[in-house]
Amino acid sequence: MIIELGHFSLILALFVACLQAAIPLIGAHRRWPGWMAVAEPAATAQFLLIAASFAALTYAFVTSDFSVRLVVLNSHTDKPLLYKITGTWGNHEGSMLLWVLILSLFGAAVAWLGDNLPPTLKARVLSVQAMIGVAFLLFILFTSNPFLRVAVPPFNGQDLNPLLQDPGLAFHPPFLYLGYVGLSTTFSFAVAALIEGRVDAAWARWVRPWTLAAWMFLTVGIGLGSWWAYYELGWGGFWFWDPVENASFMPWLFAAALLHSAIVVEKREALKSWTILLAILAFTFSLIGTFIVRSGILTSVHAFATDPERGVFILLILAVFVGGALTLFAFRASAMQAKGVFAAKSRETALILNNVLLAVSALVVFTGTIWPLAAEMFFGRKLSVGAPFFNAAFTPFMVAIGLLLPLGAMLPWKRARVGRAARALLPAFGLALAVGALAWTMQSGRSTLGPVGMFLAAWLISGAAVDLWSRTGRGAGRLARLLRLPRADWGKPVAHAGLGVTMAGISAMLAWQAEDIRVMQEGESLQIAGYELRLDAVNREQGPNYFSTKASFTLSRDGREIATMLPEKRVYPVAQMPTTEAALDNGFLRDIYVVIGDPQDNGGWAVRSYYKPLANWIWGGAILMALGGFLSLSDRRFRVAAGARKLPQGVPAE
Amino acid sequence: MRRLILVLILLAAPALAVQPDEILDDPALEARARDISAGLRCLVCRSENIDESNAGLARDLRLLVRERLVAGDTNEEVVDYIVDRYGEYVLLKPTVDGANLLLWLAGPLMLGAGLVMGGLYLRRRAAASEPETARLSKDEEARLREILDD
């Protein structure tokens, strides 16, 4: 019964979404307040209905209702409760339901928080948001219905993919979707502005928090995914340039660009049409990401749920929305006249450069991702594009961004004297050079990657510190003023320093990690990067829904014991899949990473151990970036948007 | 129960990436083998290289790479040997030839285009400033002349 109710409320949500898409749009066009006002309750109702539907599905998973096909395919009574809950979205149908749930949540949030939006803009935004909802609700109901029953319920389910039974991966999709789908809001704002034919500072101020929120969630989602890969896949890789990873990375890059260009629109009323285009592109790439993941058109490790028919449907959605938005853009872009005037040496220029680098790097990732497809279709060549290509083609962009960022961030608006900003940054630059040189001398003739990465990281971090310090003015009491700075003033340097921290982690790990592969008998020890690792024992154990081979290692340095490490190899009998559970000793400056392998003929065990310098910095930096976004988002000036409210609905673009 | 566990574990046990028994005695050769392996795709996997993959085929390829190295092949010869047998699909880094030039040049070309477009926009914006500051009304010009003449 509950399942049918869930199914029914999903269908009802579709009808509500249809109303929400049509009526406010007409109302906004004809200036009928009553029709425009439909949008708000409709958005709330749509959200509640989809939430009820999602709750029904979760209920089916938690109670192991094996009359539901999806539960049979993806759950098992022996599974721990947490993974029964997360199993709701650990499959195609459930994850699409989560997608529309988040979509309607963002729609409802615009309705709830958008009191200061002009009524026509608000009606149009909610209408566009509902159109996306209609498309995806249709997609779910016609191609991926999670509520289908089975005629003869089996005794037990087929279990969730064991790789997904992990806290890191369990919460990776919701965050990623909050990011992906959050970009739908900026898309809706962009399309609504195109319909209105008006983009001004107030519009940018309304859009920026949504972009910031989406980007922040994407950052966390991508970070979680990469952290999961690091400890779960068994050799400590953290990024594989897999099509599905690229699918989440491209929207992140575009959202980062959009974040910066929206600042120019807000402060200087320039870059308007470019910002609109970016907003459209960012969501386009979210849809492309969905398409890549859900169609399985590009084979990848993440192909949990792939089906070409669904791919065609999403492609259709993509064509309609992107095609429609771009057509609208082509007609209206000329109406977006820039107002702000600025010299070549200015913050505006720096931000344009930032946008060029971010957007082109995203397009490079895109080109590499679809190249195998293009090469096969047009040139009949079956080839691969993998990590070596992306490392070579993408890294230069990040190096350029790292080099330019601290200087660009310090330039004043409108007209800048570069020399002045450069003088303030001189100590930071000196420090960075020193750090780079130190890294160079300490390593023994290996690649330039490590020193360059350390230089960039130190330059970014100390540059961010200088930037923050420069906001405290002159004279006494600077420290006190530092603490009283508005949160957005903190957000920017924190996020920029986070990028530096991540760069440090990536380059140190790639340049200086040490690896040891060998056969060990119980009681034997090995040396890695100055640490001693002793294999004490190997035991067989049984978990709730798996069997395990568990090894016990003692990690010590200079005879002092540091930690006991317990790597495991698990076999999930129902899913017939093995997983490796690496043991990690996390440290500020390094991780020690141990994996237990197969038993050998002579009674020993294959053991792989790694020394991974600065590993945690990769995700620490991601956390800092997200924190920077959060600080800016929580700034009072954003929340109030008081200036915008008092403006008589902005100024029309001439 | 214990035997069942053991049987299950042995049945499903994946070979974990590079195995201890695969490693060559000569560290220089082994380093070259690892280097080559990182650029070769595991054909049955999604986007893993053979150095990281657990698949049986990846192990066969790893052993093949080492066999060729021991036989005295250069790195290029080893890669060519494998490409001859498995096609260019095994290369994770596409060759720089023919249509692939498009792929490799895409980045620099797009960057160039982006910079040119950004530059043009900047010039327009900077030029837009000139009339605003340069344009004075007749009265102002007269007043300016007065001041300058004084």
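Listed in order, the protein sequences are those of chains A and B.
With our numbering applied, the first sequence corresponds to residues 8 to 661, in that order.
With our numbering applied, the second sequence corresponds to residues 11 to 160, in that order.
Ideal Cβ positions, reconstructed from N, Cα and C, are used throughout, including at glycine.
Cα-Cα separation, residue i to residue j
i                      : j                      : result
residue 456 of chain A : residue 510 of chain A : 11 angstroms
residue 125 of chain A : residue 200 of chain A : 11 angstroms
residue 11 of chain A  : residue 53 of chain B  : 44 angstroms
residue 154 of chain A : residue 61 of chain A  : 10 angstroms
residue 26 of chain A  : residue 99 of chain A  : 27 angstroms
residue 274 of chain A : residue 353 of chain A : 13 angstroms
residue 70 of chain A  : residue 42 of chain B  : 54 angstroms
residue 49 of chain A  : residue 57 of chain A  : 12 angstroms
residue 72 of chain A  : residue 157 of chain A : 11 angstroms
residue 299 of chain A : residue 133 of chain A : 27 angstroms
residue 79 of chain B  : residue 301 of chain A : 41 angstroms
residue 115 of chain B : residue 458 of chain A : 27 angstroms
residue 150 of chain A : residue 71 of chain B  : 40 angstroms
residue 28 of chain B  : residue 399 of chain A : 25 angstroms
residue 414 of chain A : residue 369 of chain A : 23 angstroms
residue 14 of chain A  : residue 130 of chain A : 28 angstroms
residue 19 of chain B  : residue 554 of chain A : Reliability of the predicted coordinates at residue 19 of chain B is poor, the pLDDT of 42 falling under 50, and no value is obtained from them.
residue 431 of chain A : residue 641 of chain A : 29 angstroms
residue 324 of chain A : residue 330 of chain A : 10 angstroms
residue 255 of chain A : residue 247 of chain A : 13 angstroms
residue 394 of chain A : residue 291 of chain A : 24 angstroms
Chain A contact residues for residue i, given Cβ-Cβ distances below 9 angstroms
i                      : result
residue 62 of chain B  : 240, 241, 242, 244 and 247
residue 161 of chain B : A query on residue 161 of chain B cannot be resolved here, the shown segment of chain B reaching from 11 to 160 and no further.
residue 113 of chain B : 374, 375, 378, 381, 382, 392, 396 and 400
residue 71 of chain B  : Chain A residues near residue 71 of chain B: none, gap ~14 angstroms exceeds 9 angstroms.
Chain B contact residues for residue i, given Cβ-Cβ distances below 7 angstroms
i                      : result
residue 524 of chain A : 28, 30 and 33
residue 351 of chain A : 132 and 136
is_contact[residue i, chain B] using C-beta, thresh 9 angstroms
i                      : result
residue 206 of chain A : no
residue 266 of chain A : no
residue 378 of chain A : yes
residue 653 of chain A : Only weak support exists for where residue 653 of chain A lies, its pLDDT of 40 falling under 50; the coordinates are left without a value.
residue 311 of chain A : At residue 311 of chain A, the pLDDT of 41 sits below 50, so the modelled position is not reliable; the number obtained from the coordinates is stated separately. Answer no: the Cβ-Cβ gap between residue 311 of chain A and chain B never drops below 9 angstroms.
residue 607 of chain A : yes
residue 23 of chain A  : no
residue 355 of chain A : yes
residue 610 of chain A : no
residue 403 of chain A : yes
residue 181 of chain A : no
Interface partners of residue i on chain A, CB under 7 angstroms
i                      : result
residue 47 of chain B  : None at all; the shortest Cβ gap to chain A is about 12 angstroms.
residue 138 of chain B : 348
residue 116 of chain B : 371 and 374
Rounded distance between the beta-carbons of residue j and residue i, thought under 8 angstroms
i                      : j                      : result
residue 541 of chain A : residue 560 of chain A : 6 angstroms
residue 88 of chain B  : residue 60 of chain B  : In fact, because the Cβ distance is near 12 angstroms, the residues do not count as touching under 8 angstroms.
residue 213 of chain A : residue 224 of chain A : In fact, because the Cβ distance is near 18 angstroms, the residues do not count as touching under 8 angstroms.
residue 515 of chain A : residue 412 of chain A : That pair is no contact at about 19 angstroms.
residue 277 of chain A : residue 347 of chain A : 4 angstroms
Proximal residues of chain B, C-beta to C-beta of residue i below 9 angstroms
i                      : result
residue 391 of chain A : 51, 57, 98, 99, 100, 101, 102, 103 and 104
residue 581 of chain A : In chain order: nothing, as chain B lies at least about 11 angstroms away.
9 angstroms Cβ cutoff, residue i in contact with chain A
i                      : result
residue 135 of chain B : yes
residue 85 of chain B  : no
residue 124 of chain B : yes
residue 74 of chain B  : no
residue 128 of chain B : yes
residue 67 of chain B  : no
residue 132 of chain B : yes
residue 156 of chain B : no
N- and C-terminal bounds of the alpha helix (DSSP H) containing residue i
i                      : result
residue 66 of chain A  : 46 to 69
residue 135 of chain A : 126 to 150
residue 589 of chain A : Looking at the DSSP string, residue 589 of chain A is not in any alpha helix (DSSP H), and its letter there is neither H nor E.
residue 343 of chain A : Taken as a continuous stretch (DSSP letters only), residue 343 of chain A belongs to no alpha helix (DSSP H), as it is neither H nor E.
residue 40 of chain B  : 37 to 47
Span of the beta strand (DSSP E) around residue i
i                      : result
residue 226 of chain A : Residue 226 of chain A -> not in any beta strand (DSSP E); alpha helix (DSSP H) instead, spanning 208 to 239.
residue 27 of chain A  : Unbroken run through residue 27 of chain A is the alpha helix (DSSP H), 9 to 37; no beta strand (DSSP E).
residue 430 of chain A : Premise fails: residue 430 of chain A lies in the alpha helix (DSSP H), 425 to 449, not in any beta strand (DSSP E).
residue 547 of chain A : 538 to 549
Residues that residue i contacts on chain B, provided the C-beta gap is smaller than 8 angstroms
i                      : result
residue 386 of chain A : 108 and 109
residue 367 of chain A : 117, 120, 121 and 124
residue 535 of chain A : Per Cβ cutoff of 8 angstroms: no residues; residue 535 of chain A is ~15 angstroms from chain B at best.
residue 359 of chain A : 128, 131 and 132
Could you list the residues in the stretch 88 to 108 of chain B with a C-beta less than 9 angstroms from some C-beta on chain D, going in chain order?
-> This model lacks chain D altogether; the protein chains it does include are A and B.
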